[in-house]
Amino acid sequence: MKFFECTAYFHDGSLLGIIDNETGINFFLESAEVDPSSFLHTFQLSKENTLQGILHLKGIKKILVDGQSIKRPLNMKYPDGEILNLDIQGETLFLLIEWKNSPPRGQANDVSKIEIKAEKIYWENKLFDSFKVEKDDEYLDANNRPVKRGQHNSRLYPEE
């Protein structure tokens, strides 16, 4: 089973972070809970039986958010995002996100439709502790300096 055949499992999953830099855009994603027997020989699952990893988009050609072309960098609109739909058709990513806000800031009632055309799209299965991913956790930039979660240069863990 290829990743592009698994995108439906990300419905009700989480967008945990975005890194947008000169080489491309990386989306840190976690799926909803899946049946482990379906993925025994394909992907390593988290302890919570979810797919976790990074969706890499290289050679960005076009970014539309809610039908409007935007300039880079692409950022998280709110600290958390629930994935309502994830679809990849050829070189185009379609992502529907319901943004979440952590208390005490109140609930965000905001949905974004993101469409990105890229030269290359690929999945990197990479496990991380999603329960540790909180707004006060330490995120690191490319030089391993602490930054706020949701910044375009933040990541959940240092690159290897």
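Per the working numbering, the very first residue in the sequence shown carries number 5; after that it's consecutive.
All residues carry an ideal CB built from backbone N, CA and C; glycine is no exception.
No experiment lies behind these values; they were computed from the predicted model shown.
Contacting residues, own chain, Cβ-Cβ under 7 Å from residue i (five flanking each side not counted)
i	result
F32	L20, G21, I58, L160
F8	I92
L131	Q48, S50, Q56
D70	S116, K117
Bridge partners - residue i, DSSP secondary structure assignment
i	result
L19	L33, G85
D24	I29
L61	I29, I125
D177	Because the chain spans 5 through 164 in this model, residue 177 falls outside it and cannot be assessed.
Q72	V69
D114	W103
Under the three-state DSSP convention, the category residue i falls into
i	result
E52	coil
F8	helix
F98	strand
Other residues of its chain near residue i: CB distance less than 6 Å, five sequence neighbours each side excluded
i	result
F98	D91, E119
T96	K121
K66	K121
Close-in-space but distant-in-sequence residues of the same chain around residue i (CB under 8 Å, 5 per side omitted)
i	result
A36	Y13, F14, H15, D16, G17, T54
G63	G28, A122, E123, K124
K104	Y82, P83, D84, G85, E86, Q111, A112
L61	G28, I29, N30, F31, L97, I120, A122, K124, I125
Residue-chain proximity (residue i, chain D), Cβ-Cβ < 8 Å
i	result
F32	The question asks about chain D, but that chain is absent: this structure has only one protein chain.
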